[in-house]
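In the working numbering, the protein residues as written are 330 to 369. Cβ atoms here follow ideal geometry from the backbone N, Cα and C, with glycine treated the same way. Below is one structure, written out as structure tokens; comments come after it.
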């Protein structure tokens, strides 16, 4: 039972990391793009 919960937790953690990374990547990209436009 403990192993099952650990496996599910691992999968959940990976999913959360992927979703958060995707979300932050989009925001960072937008910020960089905007700052570059202002500089140019």
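May I ask you to check if the CB of residue i is nearer than 7 Å to at least one heavy atom of the ligand ATP?
i: residue 338; result: Summarising the ligand content, the structure contains no ligands, and the ligand ATP is consequently not present.
Please report the straight-line C-alpha distance between residue i and residue j, rounded to a whole angstrom.
i: residue 331; j: residue 345; result: 21 Å
i: residue 353; j: residue 360; result: 10 Å
i: residue 348; j: residue 333; result: 23 Å
i: residue 356; j: residue 362; result: 10 Å
i: residue 340; j: residue 364; result: 36 Å
i: residue 343; j: residue 358; result: 22 Å
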